[in-house]
Amino acid sequence: MKSFYLGIDVSKGYADFVIVNQQKQPVVKNFQLDDTFEGHGHLYEILSRFLNDYPKAALYAAVESTGGYENNWYSTLISFQASLNIQTARLNPLAVVHNGKADLKRNKTDKISAQNVAEYMVAHPEKVVYQQQDHLASLRKQWGFIQMLTKQSSQLVNQLNSLLYTANPELLSFCRDGMPAWILKLLLKYPTADNLKKARVNTVAKIPYVSLDKAKELIDSAKRSVASSTDPVTAQLITATAEQILNLKKTISKQTDLMNAQCHVPEVDLLKTFIGIGDLSSVGLYLEIQNIARFKSPKKLASFWGLHPVYKISGDGSGAIKMSKKGRKNPRKILYTVALSAIEHNPLIKSVYQYHLQQGKHKMAAIGVCMHKIVRIIYGMLKNNTAFDPAIDAANRHRSLPDITSGRKKSKDRRFQDYDAKAPVSRRQQKKRLERERSQSVIEDTKCGISSPVPIGDIISDIISDL
């Protein structure tokens with residue numbers, strides 16, 4: 007059976023198409039269709055005629071993930087599978103781009119991009135996953151809607167903080183950890199310090215979570231306020247902004263409850279057993295993972311999300327180790343909030359965080375380590391269908407510790423020849439080899455009963471090289 011490949015480059019409102027054979031030669035030259043009912047109809051006619059000309063052929067189609075513009079074409083191609091011998095996939099744009107660079111293509115047009123998509127399917131069939139139906143489409147839309155509302159709420163909170171700085175700056179001391187609901191309700195009635203200082207204590211105390219003492223404190227501070235904005239326009243903007251934030255919070259809460267009620271997925275319930283993963287985070291992580299079988303190891307999942315460390319060791323030089331951040335952006339955002347919550351409430355992650363701080367790491371670097379740790383735990387939970395258990399992690403860590411008393415592990419790279427003292431290496435490389443020789447002699451002395459500190463720098467480097 008012959009195989010043909012339909013490459014699609016999606017733009018806003020239209021798309022470019024090309025069909026190539028297994029030798030990457032165009033069989034149907036580039037054509038362009040609009041993202042309309044008529045355009046989708048023309049695509050069906052073109053593909054029908056093509057498959058009629060090649061009745062025993064299989065057609066493979068793919069679109070790149072372009073932030074949503076590809077969804078209409080992707081959904082249409084999925085529906086074509088009921089009557090046409092066609093399979094459809096969604097590709098990572100970064101992989102397609104680098105495949106094109108490997109072929110030394112320097113120009114970039116919509117036609118060339120469609121050709122690159124088709125050629126990627128030919129060159130890397132093992133990396134393309136063809137889907138029959140997206141069962142998570144509705145859940146993904148709802149989760150995306152909640153994320154959009156959350157982003158809007160954050161923007162309005164930032165705007166409100168800016169307005170309060172000149173209208174009632176004394177209230178900002180209560181907003182260091184976010185904007186409390188009682189502050190928003192207070193601003194609906196008393197948007198500026200000039201309004202608040204004229205209020206009665208009993209009236210202010212009727213606001214939820216505002217006691218008589220706090221109400222008196224708020225009014226007294228408003229009387230001594232250094233606020234510079236007392237005009238009615240500023241007051242109206244503060245009231246409108248606070249009202250919008252409250253409405254968004256209600257909508258987010260309602261949509262989250264609806265999503266949780268409709269999301270009957272065992273994987274989501276399993277993720278919630280980890281202390282630090284809430285309702286919204288569990289759904290977001292599940293939508294990103296979809297099926298844990300897609301990833302052969304925790305390293306693959308961490309790499310997919312851009313959490314893996316990158317470093318450069320070439321010859322005598324070496325670069326700093328840092329987080330890649332070249333993978334999916336959304337799951338990194340979710341994991342960041344999960345890590346912050348876990349550092350506060352999960353003893354296991356808290357101990358990891360404190361340990362790395364004691365080792366001299368910066369706070370953000372320690373949080374990154376915790377994020378990577380959480381990814382490995384999540385992978386194990388989903389892979390083994392097991393709820394979170396700190397004892398399991400402790401046992402795994404104990405099993406993976408290197409046994410330095412059993413002798414130094416020989417480098418795999420030097421399995422054919424040990425280090426030769428006569429090799430014309432640089433002074434830096436010679437120093438590294440001397441340190442390695444000294445550390446080996448220290449281990450041998452320790453085995454014979456001689457006690458001395460063991461340099462573990464080389465041991466750690468060997469462990470990293472084996473990862």
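Numbering (my numbering), first residue to last: 7 to 473. Ideal Cβ positions, reconstructed from N, Cα and C, are used throughout, including at glycine. All values reported here derive from a predicted model rather than from experimental measurement.
Quiz item: Opposite P99 in the DSSP bridges: which residues?
Solution: Beta-bridge pairing links P99 to no other residue.
Practice problem: Kindly examine the ligand ZN and report whether one of its heavy atoms sits closer than 7 Å to the Cβ of N113. | Solution: In the structure on display, the ligand ZN does not appear, and there are no ligands present to speak of.
Quiz prompt | Straight-line Cα distance separating I92 from M127 | solution = Their Cα atoms are separated by approximately 14 Å.
Quiz item: Looking only at C-alpha atoms, which of P396, K8, R439, F310 sits nearest to D426?
Solution: R439
Practice problem: May I ask which residues mark the beginning and end of the alpha helix (DSSP H) holding K191? | Solution: According to the DSSP assignment, K191 belongs to the alpha helix (DSSP H) that extends over 187–195.
Quiz prompt | Per-residue DSSP class, three states only, for F10 | solution = Strand.
Practice problem: Pick helix, strand or coil for K157, following the three-state DSSP scheme. | Solution: helix
Exercise. Return yes when the Cβ of G312 is within less than 8 Å of the Cβ of G333, no when it is not.
Key: Yes. Within cutoff.
Self-check item: Limits of the unbroken alpha helix (DSSP H) element including Y80
Solution: 77–86
Quiz item: Is N253 buried or exposed, if buried means 16 or more other CB atoms sit within 10 Å of its CB?
Solution: Burial state of N253 is exposed, judged by a 10 Å Cβ sphere holding fewer than 16 other Cβ atoms.
Quiz prompt | P238, enclosing alpha helix (DSSP H) - first and last residue | solution = 238–268
Quiz item: Terminal residues of the continuous beta strand (DSSP E) containing Q38?
Solution: 32–40
Quiz prompt | Residues near T452 by beta carbon distance below 6 Å, same chain, minus five either side | solution = Caution is warranted here: a pLDDT of 49 is assigned to T452, below 50, making its placement in the model unreliable, and the coordinate value is therefore given only provisionally. None.
Self-check item: For R433, three-class secondary structure by DSSP
Solution: Three-state DSSP puts R433 in a helix.
Quiz prompt | The alpha helix (DSSP H) enclosing Y342, as first and last residue numbers | solution = 335–351
Quiz item: Counting Cβ pairs closer than 8 Å, one from the region 243–253 and one from the region 186–202, do we hit at least three?
Solution: By the Cβ rule, the region 243–253 counts as touching the region 186–202, because three or more pairs are nearer than 8 Å.
Practice problem: Report buried or exposed for H404, applying the criterion of at least 16 other Cβ atoms within 10 angstroms of its Cβ. | Solution: exposed
Exercise. Compute the Euclidean distance between the alpha carbons of S119 and S432, then round it to the nearest angstrom.
Key: 46 Å
Exercise. Tell me whether I384 sits in a helix, a strand or coil according to DSSP, three-state version.
Key: helix
Quiz item: Beta-carbon of A345 versus every beta-carbon of chain C: anything under 8 Å?
Solution: Absent from the structure is chain C; it holds one protein chain and no more.
Quiz prompt | Cα-Cα separation, A205 to L218 | solution = 13 Å
Self-check item: V135, DSSP secondary structure in three states
Solution: coil
Self-check item: Environment of D419 [buried if 16+ CB atoms lie within 10 Å]
Solution: exposed
Quiz item: Among residues of its own chain, excluding the 5 on either side of Y6, which ones have a beta-carbon nearer than 6 Å to its beta-carbon?
Solution: No answer is possible for residue 6: it lies beyond the span of the chain, which begins at 7 and ends at 473.
Self-check item: Range of the contiguous alpha helix (DSSP H) that encloses I52
Solution: First-last of the alpha helix (DSSP H) with I52: 43–59.
Exercise. Indicate the three-state DSSP secondary structure (helix, strand or coil) for Q121 in the structure shown.
Key: In the three-state reduction of the DSSP assignment, Q121 falls in the helix class.
Self-check item: Rounded Cβ spacing between V26 and V33 (contact assumed at less than 8 Å)
Solution: With 8 Å as the limit, V26 and V33 qualify as a contact, their Cβ atoms being about 6 Å apart.
Quiz prompt | Exposure of D22, with buried meaning 16 or more beta-carbon neighbours within 10 Å | solution = It counts as buried.
Quiz item: How do the region 95–112 and the region 38–55 stand: do at least 3 beta-carbon pairs fall below 8 Å, yes or no?
Solution: No contact exists between the region 95–112 and the region 38–55.
Quiz item: Is it right to say Y317 is buried, meaning 16 or more other beta carbons lie within 10 angstroms of its own, or is it exposed?
Solution: Exposed.
Practice problem: Give a yes or no on whether the C-beta atoms belonging to L83 and S54 are separated by under 8 Å. | Solution: No, the Cβ-Cβ distance between L83 and S54 is not below 8 Å.
Practice problem: Can you give me the start and stop residues for the alpha helix (DSSP H) that A228 sits inside? | Solution: Looking at the DSSP string, the run of the alpha helix (DSSP H) that includes A228 is 218–229.
Quiz item: Would DSSP call L90 helix, strand or coil?
Solution: The DSSP-derived three-state label of L90 is coil.
Self-check item: Coarse secondary structure for R175, derived from DSSP in three states
Solution: Before going on, a small fix: residue 175 reads as Pro here, not Arg. Helix.
Practice problem: Take every Cβ of the region 279–292, pair it with every Cβ of the region 252–269, and state whether three or more of those distances are shorter than 8 Å. | Solution: Three or more beta-carbon pairs drawn from the region 279–292 and the region 252–269 are found closer than 8 Å, and the two stretches are therefore classed as touching.
Quiz item: What are the boundary residues of the beta strand (DSSP E) that includes A474?
Solution: No statement about residue 474 is possible, as the shown extent of the chain runs from 7 to 473 and does not include it.
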